[in-house]
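Shown next, in structure tokens, is the structure this report addresses.
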Amino acid sequence: MEDTPAVQINNLIKEFPSPFRKSKVKAVNDVSLTIMPGEVYGLIGPNGSGKSTTMKALLGLLTPTAGSCHVFGKNSLKTDSRQEIGFLPENPYFYKHLSGEETLRFYAKLCGMRGKEVKERVDEMLELVSLQDARKRRVGAYSKGMLQRIGLAQALIHDPRLLILDEPTAGVDPVGSREIRDLIVDLKERGVTIFLCSHLLEQVQEVCDHVGIIFKGKLVKEGRLEDLIAIEDQTEVIIRNASDRTLARIRAVIVDAKESEFVRMGKPRTTLERLFLDEAKKSEAHNTAITSKPADESAIEDEEKGAHDA
Amino acid sequence: MRRNGFFSPARIMVIAGHTFTQLVRMKVFYFLVIFVALMLAASYFEMPWSRTAEDSAEQELTILKSTAMGAMTMFSVLFAIAATALLIPKDLEDRTLYTILSKPVPRLDYLLGKLGGVLLLVAISLLLMDSLLSVILHFRTDSLLAHEMAVGKAQGWPQPDMDARAESISQQGVTWDLQAGIAAIFFKAMIMASIALLISTFSSSTLFTIVIAVVIYFIGHYTADARNYWLHSQKDGVSKEVKFLTQGVALIFPDFQLFNIIDSTIEGKKIAPGIFSRLATLTLFYSGIYSVLAWFTFRKKEF
């Protein structure tokens, strides 16, 4: 497996000027994360939490105020880093005057492809997203689901190693949504690294193997999905073909600590949605506690921190 | 893996070609229908009150050229400003800019591609209008020449007078000087498109870009007069700093009086090759400066 991370974000801070205040608004506050090649990473958070800002910094569309972003070891501010990236923005709109085929041809040529290579790749992508029948139709006449699929095709046209998806199933009907999800799973199996953000937590849980929860610009929780959704103080026992008698015996075995046939022993899981809401609640409570502290107490803490830093 | 240079002519051509298609499909060529109607009307339109008996043929051709070249200037300049001002905000609004800039596309390539697409459309439109003007002008000149020669013959003009008359009328017809004048119209549009490109990289609205570009266009026609008046009105001469400042102002606002060769070609005057090449160089200089400034603003722009 390749050692260079597909995505390396180090202490990313992004501030925006606020029109009515002297101080700047911190959209992303000291976010660090690493995505290894082949992983599917889901970044989840409420609206305005800094997901899109993080993605835009990774795409070089925004310059970090502090920190850095690297894609396969290349600084994301360099054009070369984008050779490895395919990006599908939220609610993508393409040039309405072009057909699906022309759209893909345009993006393929932008990526430096020429001649036969363009034709072959366009055909391949149209087949992948099941849009062969609509290839000559103007994109302006495409449905929402078709737009997402042609968006996915343009993101993949230059065979990138990293795919960045911003709300890939937003506004798409359940069938279209399922198709896009299947495509993501297919790409994951092909070894494409995927970095996605979505509000649909169930879908994130279905396709991602790593998740990060971002709240008010801070990455409050991050790790392997399996680990994150495990409940530490409980144990799950999975038994095959257990009869009532067996269950009763197991109960007795557990009480007496005697042996039995275990198919798997693990930890019961909460849902990602519950985890996310708990973390959001905790962060909210933490922020409220900080802002409600008396001014002199904060000043003492700051002084102490300064002395400690020194 | 493909290497991406600082600047790629092939990629610029792809973006320019796409921009051209985008504009064509916005049906801008409908203007040409209006131009054709205008030309046909002008070729049969006579203004007896502005004529004298001696040069009526020349005046008729001048009016035809003036109408056509006025329409060509208006179309090319307004189109260059409006199209350039519209394209980048539209890409941003539709988020197509995200999908383009998230590909390995240097921002300079994107800007030059957009500018190139607009200029390609202006050039092709001018070429079509020029062809139509040349055809109509050619037939009109031949017809007037034949008529004048017949009149001269009937009135028994001496041969040198007949030759002079024929030369005078021909000079108002299709000449290389006329083509130079039409090229100057393109140069003017090129400068205005570059200015609109620069403004649109920092402007927040298309309307603002168009208004400011149009104001600069009008200022550009008075820059030289204002500068000369101001410099000559200083009794004690001007300091180096003031001269530097006026040169700076002249750079910001291009001097469109240099493009008066368009009027000269309408009047049938000859254009020295030296003047034309100087104008071409100046156009490249102005467009280059504005494009570089546009890139400076755009390269760090956040989306």
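Residue numbers (our numbering), protein chains in the order written: chain A, 1 to 310; chain B, 1001 to 1303. A virtual CB, placed ideally from N, CA and C, is assigned to each residue, including glycine.
Next on the checklist: Out of F1079(B), M1074(B) and Q1159(B), which one is the CA nearest neighbour of T1209(B)?
Outcome noted: The option with the nearest alpha carbon to T1209(B) is F1079(B).
Checklist entry - For S1050(B), is the classification buried or exposed, using 16 other Cβ atoms within 10 angstroms of its Cβ as the cut-off for buried? => result Residue placement at S1050(B) cannot be trusted, given a pLDDT of 49 that sits under 50; the coordinates are not used to answer.
Next on the checklist: Taking 8 Å as the threshold (beta carbon to beta carbon), is D109(A) in contact with chain B?
Outcome noted: Looking at the sequence provided, one finds Lys at residue 109(A) rather than Asp. Yes, K109(A) lies at the interface with chain B (some Cβ there is under 8 Å from its Cβ).
Item to check | Range covered by the alpha helix (DSSP H) that runs through I180(A) | outcome: Start and end: P174 to E189.
Item to check | Residue range of the unbroken alpha helix (DSSP H) whose run includes P1160(B) | outcome: P1160(B) -> alpha helix (DSSP H) spans Q1159 to Q1171.
Checklist entry - What does L61(A) touch in chain B if you count any residue whose Cβ is under 8 Å from its own? => result Within 8 Å of the CB of L61(A), the CB atoms of chain B belong to Y1098, L1101, S1102, E1302 and F1303, in sequence order along the chain.
Checklist entry - V1105(B) touches chain A at which residues, Cβ-Cβ below 9 Å? => result Within 9 Å Cβ-Cβ: T79, R82, L110 and C111.
Checklist entry - Mind checking S32(A): buried by the 16 CB within 10 Å criterion, or exposed? => result Classification of S32(A): exposed, given that the 10 Å Cβ count is below 16.
Item to check | Per-residue burial, T1019(B) [other beta carbons within 10 Å of its own, 16 or more giving buried] | outcome: Burial of T1019(B) is indicated by the presence of at least 16 other C-beta atoms within 10 angstroms of its C-beta.
Next on the checklist: Using beta carbons (cut-off 8 Å, strictly below), is V1118(B) in contact with chain D?
Outcome noted: Of the chains in the structure shown, none is chain D; the protein chains are A and B.
Checklist entry - Between F262(A) and the rest of its own chain, which residues show a CB-CB distance below 6 Å, the 5 nearest in sequence each way excluded? => result Note that F262(A) has pLDDT 44, beneath the 50 cutoff, so the model's placement of it is unreliable and the number below is only indicative. So no residue of the chain qualifies.
Next on the checklist: Beta carbons nearer than 8 Å to chain A: which residues of the region 1014–1034 of chain B have them?
Outcome noted: Residues of the region 1014–1034 of chain B whose Cβ lies closer than 8 Å to any Cβ of chain A, in chain order: V1014, I1015, H1018, T1021, Q1022, R1025 and M1026.
Item to check | Neighbourhood of P1254(B) by C-beta distance below 7 Å, restricted to the same chain and skipping five residues each side | outcome: Contacts found: I1191, G1220 and Y1286.
Checklist entry - Does DSSP put D30(A) in a helix, a strand or coil? => result The DSSP-derived three-state label of D30(A) is strand.
Checklist entry - Does the beta carbon of D1094(B) sit closer than 8 Å to a beta carbon anywhere in chain A? => result It does; some Cβ of chain A falls within 8 Å.
Item to check | Members of the region 84–95 of chain A that neighbour chain B once the beta carbon cut-off is set at 9 Å | outcome: The region 84–95 of chain A vs chain B, Cβ under 9 Å: E84, I85, G86, F87, L88, P89, E90, N91, P92, Y93, F94 and Y95.
Item to check | Residue environment, K109(A), which counts as buried when at least 16 other CB atoms sit within 10 Å | outcome: Buried, by the Cβ-count rule.
Checklist entry - L43(A) bridges to which residues according to DSSP? => result C197(A) and G212(A).
Checklist entry - Which residues in the same chain have their Cβ closer than 6 Å to the Cβ of S198(A), if we skip the five residues on either side of it in sequence? => result Excluding positions up to five away in sequence, the list reads E167 and V204.
Checklist entry - If you draw a straight line from the alpha carbon of L277(A) to that of K144(A), how long is it in whole angstroms? => result Distance between the alpha carbons of L277(A) and K144(A) is about 29 Å.
Checklist entry - Taking Cβ to Cβ, would you say I35(A) is nearer than 8 Å to H210(A)? => result Their beta carbons are under 8 Å apart, which means I35(A) touches H210(A) by this criterion.
Item to check | Proximity test, Cβ basis, 8 Å: F106(A) and chain B | outcome: The beta carbon of F106(A) falls within 8 Å of a beta carbon belonging to chain B, placing the residue at that interface.
Next on the checklist: Quick check: what's the CA-CA separation for H1138(B) versus G1117(B)?
Outcome noted: Going by the C-alpha atoms only, they are around 31 Å apart.
Checklist entry - the region 141–163 of chain A: which residues have C-beta closer than 9 Å to a C-beta of chain B, in chain order? => result If the cut-off is 9 Å between Cβ atoms, the region 141–163 of chain A has G151, Q154, A155, I157 and H158 near chain B.
Item to check | Residues sharing a beta bridge with K24(A), DSSP | outcome: BP columns for K24(A) point to P17(A).
Item to check | Minimum Cβ-Cβ distance from H70(A) to chain B less than 8 Å | outcome: No, because no Cβ of chain B sits closer than 8 Å to the Cβ of H70(A).
Checklist entry - K1153(B) by DSSP, collapsed to three states: which one? => result Here K1153(B) carries a helix assignment [DSSP, helix/strand/coil].
Checklist entry - Mind pulling the chain B residues with CB within less than 7 Å of K282(A)? => result Those do not exist, as K282(A) stays about 32 Å from chain B at its closest Cβ, beyond 7 Å.
Item to check | Partner residues on chain B for K26(A), Cβ-Cβ distance less than 9 Å | outcome: Residues of chain B whose Cβ lies closer than 9 Å to the Cβ of K26(A) do not exist; the shortest such Cβ separation is about 15 Å.
Next on the checklist: How far does the beta strand (DSSP E) with S68(A) in it extend, from its first residue to its last?
Outcome noted: A66 to V71 is the extent of the beta strand (DSSP E) around S68(A).
Item to check | Coarse secondary structure for L77(A), derived from DSSP in three states | outcome: Three-state DSSP puts L77(A) in coil, outside helix and strand.
Item to check | Residue from K1270(B), V1249(B) and I1185(B) whose Cα sits closest to the Cα of V1077(B) | outcome: The residue among K1270(B), V1249(B) and I1185(B) with its C-alpha nearest the C-alpha of V1077(B) is I1185(B).
Checklist entry - What do you get for P1009(B), buried or exposed, if any count of 16 or more other CB atoms within 10 angstroms of its CB means buried? => result Looking at its Cβ environment, which holds fewer than 16 other Cβ atoms inside 10 Å, P1009(B) is exposed.
Next on the checklist: Given a cut-off of 8 Å on the beta-carbon distance, is the pair T65(A) and E15(A) in contact?
Outcome noted: Cβ atoms of T65(A) and E15(A): closer than 8 Å.
Checklist entry - When the cut-off is 8 Å and only beta carbons count, does K116(A) lie next to chain B? => result For K116(A), the answer is no, since every Cβ of chain B falls outside 8 Å of its Cβ.
Checklist entry - Can you find at least 3 beta carbon pairs, one from the region 1127–1137 of chain B and one from the region 118–125 of chain A, that sit closer than 8 Å? => result Flag = no, the region 1127–1137 of chain B and the region 118–125 of chain A do not touch.
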